[in-house]
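Below: one structure, written as structure tokens.
Residue numbers (my numbering), protein chains in the order written: chain A, 8 to 555; chain B, 195 to 505.
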């Protein structure tokens, strides 16, 4: 055997062994039963998983989110510049505490981030957790008289509008009839709703604090009245109206509280050091057997809290999260130890998530979900099963076709094809690239295209044989003449695959990856491997006929 | 076994018929695109929400439509009953497509909640079994993806043009690029004629078609280049025709093996990549056809024109 030939075979064997080494964890994971998996050492299992071929979100199930940081409300340039960095850090913290394995949080471009959560059970909860701003503020509730004054003024403006309109209409009527129908119109006035459009819908519980109850069915109406610009203008600069976070039961009906708060917050979540969930005790129905979040403030926060509580005994201090009032307990005494609780949360899971976001901190600016792709685990499993099924059948068909058409040479090409598949999978594992459904399609496609190189070579060899050359010469000529064609043809496909890899995201990127790997590996197997086999078979003896 | 070897079919002589045929198909596609006001974009490009749900028993689209009449999203009621509702594979699986409203609204979650409340008996106990897919693309992202797709397409074509110009001659590059446009236009046209949806995966398919078709064209071109050196006496057209015949066996073989696997993918690969494999199927057919009937005849036409000018 010639030296070059020996080196070639050596290289092929090395590549093959390397591939098996890279593929071993994947094969091992695929073949062990779930029982044996349970018995395995968790560290070893993690190592296997780390080195096995990764599945993309579309096969494994999970959530892919693209978030955009809404910087429109950030005033200073500096603030806007690192807002995305801070948001990224905070969201990473939240995601880490959410408890999915191998989450990905990554910055993408100027003000976006990509989040990937594989194998997620409750996508809605995840979105809630990731997307909320989680700005915690402590704000004092204004007095009864402030709220009353605001309601009265609002009523006046709103009914005044009507009054004016009525007067205009009246004037028009007068114009038309040249007489006064005023008397009859005046008589229709005086219903409470018309004179007090806002106050009519709300109810005070006591005459001390600036909070009112609004029945569930009236909330949209109150909301739309309050959003009118002329009403907004009435609310003084240092005050704001805020809704309660949850519905409460009152006299067999559902209500929400509407609070008038001092706009400037006394304290924010920035001073928080810890937040934990416990179940409340005692007799107060707001707390007993309800999940509550226990917060701890740092030294500075505790000092501020102590001062604020000390100075405002008997007033209500609202705990506001993202603009919604969770509770507004009465300050009974000065609180010096920097501890506070949030009640009125509802479900336990929500309390847990609340504690997570409070610990991770508030986002510097709101974020919007601008892209979301969630694949359920059952569709993922279905896709893997069908993809592998199609790959095996496609492979068998091509293998049979090649043997049928090219006989012994076809068999050699088939061997190269199988090696090609092993190399591509090993490369995926080695590069830690994810296998996606289009990726499987890419592999199947390379199965079809990998034989192309051999078809080109074999057709050339056939031509040379027809021209009357000997087997040896025909093989040499076939390979050398086909090589340039194969290189040109494969390079162009490689370029398109590269573009797909660079421009595409997620699944499409996966397609580009496998296509590139497939092309590279198929050139090796179709040219080097098959040549080595041919040479070994024809070396040292005169072959009269070639099975091609 | 040998097929199609030693053929001497007159491809170049039939080029007028082939080109006319191609033009008719392309024109039909363009008319369809005009009538439909552009390709039928999926949510990837137009933005919107796509929910793919699996019910434990078949649920008629009309009932779902009824349930979508009144959906409460963030406190306000909306009517989504005019959304597109279609089967996704088996009769128990349904895809609902909702047009995008404002950014930040969580329409998909609201619709899921409302369907959950109305069809309790139809919904599998595990959330993961019910929601097969939930996709939402904001309008801004949709526009960006569209721009990216067009850029990727043009970039691919430009790289091909440069590559072939370097490896062959400029006229070969022009012939190949015309053939690629031909393939892409026909595939897009057929998608429009069949009213199939245009998604990101289809762009990936188109790019792969570009790669595949060029692969095919280059094999023929390579032989033409070789023969132009060997066959001094034969005319340009005849040389090209011989080259096509010499590579015909290989062209058909490769197309057959590739189509073999694409067919298996189409029938066995599942609903998710059906459109993708369909595009690939058209592309491989058209790509094979174009390297014989479009890319090579263009060289003949080009040569005839420049020879005329020289005279």
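Glycine included, every Cβ here is placed at the ideal spot set by N, Cα and C. Quick caveat, the model's predicted, so the values are computed rather than measured.
Would residue i and residue j be called neighbours here (beta carbons separated by less than 8 Å)?
i, j, result
"residue 260 of chain B", "residue 273 of chain B", "no"
"residue 455 of chain B", "residue 455 of chain A", "yes"
"residue 386 of chain B", "residue 230 of chain B", "yes"
"residue 377 of chain B", "residue 353 of chain B", "no"
"residue 73 of chain A", "residue 335 of chain B", "yes"
"residue 453 of chain A", "residue 505 of chain A", "no"
"residue 327 of chain B", "residue 386 of chain A", "yes"
"residue 515 of chain A", "residue 498 of chain B", "no"
"residue 217 of chain A", "residue 331 of chain A", "no"
"residue 436 of chain B", "residue 422 of chain B", "no"
"residue 383 of chain A", "residue 325 of chain B", "yes"
"residue 480 of chain B", "residue 358 of chain B", "no"
"residue 540 of chain A", "residue 464 of chain A", "no"
So, at 6 Å on beta carbons, what are the nonlocal neighbours of residue i in its own chain, with the 5 sequence-adjacent residues on each side left out?
i, result
"residue 348 of chain A", "299, 301"
"residue 193 of chain A", "Its pLDDT being 40, under 50, residue 193 of chain A is placed unreliably by the model, and nothing is read from it."
"residue 532 of chain A", "423, 426, 427"
"residue 260 of chain A", "222"
"residue 369 of chain B", "489, 492, 493"
"residue 484 of chain A", "471"
"residue 231 of chain A", "none"
"residue 12 of chain A", "542"
"residue 141 of chain A", "364, 369"
"residue 187 of chain A", "With a pLDDT of only 47 at residue 187 of chain A, under the threshold of 50, the placement of this residue in the model should not be trusted, and no figure is reported."
"residue 395 of chain A", "none"
Residues bridged to residue i by DSSP?
i, result
"residue 251 of chain A", "A:332"
"residue 246 of chain A", "A:269"
"residue 441 of chain A", "A:61"
"residue 261 of chain A", "A:256"
"residue 40 of chain A", "Per DSSP, none; premise fails for residue 40 of chain A."
"residue 146 of chain A", "A:325"
"residue 69 of chain A", "A:125, A:382"
"residue 76 of chain A", "A:374"
"residue 1 of chain A", "Shown here, chain A extends from 8 to 555; a query on residue 1 of chain A therefore has no answer."
"residue 220 of chain A", "A:210, A:264"
So residue i packs on residue j, CB below 8 Å; how close in whole Å?
i, j, result
"residue 462 of chain B", "residue 137 of chain A", "At roughly 37 Å, the Cβ-Cβ gap does not stay under 8 Å, so residue 462 of chain B and residue 137 of chain A are not in contact."
"residue 443 of chain A", "residue 25 of chain A", "Residue 443 of chain A to residue 25 of chain A, Cβ: 24 Å. No contact."
"residue 241 of chain A", "residue 127 of chain A", "Not quite, the Cβ-Cβ distance comes to about 46 Å (not below 8 Å), so this is no contact."
"residue 399 of chain B", "residue 477 of chain B", "7 Å"
Can you tell which of the options has its C-alpha closest to the C-alpha of residue i?
i, options, result
"residue 366 of chain A", "A:308, A:277, A:226", "A:277"
"residue 241 of chain B", "B:217, B:291, B:216", "B:291"
"residue 272 of chain A", "A:253, A:147, A:165", "A:147"
"residue 322 of chain B", "A:135, A:274, A:71, A:130", "A:130"
"residue 537 of chain A", "A:482, A:431, A:491", "A:482"
"residue 336 of chain A", "A:323, A:327, A:343, A:104", "A:323"
"residue 239 of chain B", "B:358, B:499, B:340", "B:340"
"residue 374 of chain B", "B:262, B:276, B:409", "B:409"
"residue 125 of chain A", "A:106, A:114, A:494", "A:106"
"residue 503 of chain A", "A:518, A:233, A:492", "A:518"
"residue 325 of chain A", "A:296, A:247, A:379", "A:247"
"residue 267 of chain B", "B:293, B:500, B:305", "B:305"
"residue 498 of chain A", "B:428, B:482, B:439, B:411", "B:411"
"residue 235 of chain B", "B:389, B:351, B:320", "B:389"
"residue 205 of chain B", "B:270, B:500, B:458, B:439", "B:439"
"residue 135 of chain A", "A:397, A:213, A:358, A:234", "A:358"
"residue 226 of chain B", "B:359, B:383, B:245", "B:383"
"residue 294 of chain B", "B:307, B:342, B:215, B:244", "B:244"
"residue 9 of chain A", "A:545, A:249, A:281", "A:545"
Tell me which residues share the same chain as residue i and place their Cβ nearer than 7 Å to its Cβ, disregarding the 5 neighbours each side in the sequence.
i, result
"residue 316 of chain B", "249, 250, 251, 253"
"residue 342 of chain A", "312, 313, 316"
"residue 437 of chain A", "29"
"residue 460 of chain A", "493, 529, 530, 533, 534"
"residue 554 of chain A", "414, 415, 416"
"residue 392 of chain B", "233, 234, 235, 236, 239, 385"
"residue 279 of chain B", "255, 258, 259, 288, 290"
"residue 376 of chain A", "72, 74, 134, 138"
Please work out which residues of its chain come closer than 8 Å, Cβ to Cβ, to residue i, disregarding the five sequence neighbours upstream and downstream, and give them in chain order.
i, result
"residue 279 of chain A", "143, 302, 303, 304, 305, 308, 365, 366, 368"
"residue 349 of chain B", "none"
"residue 77 of chain A", "372, 373, 374, 375"
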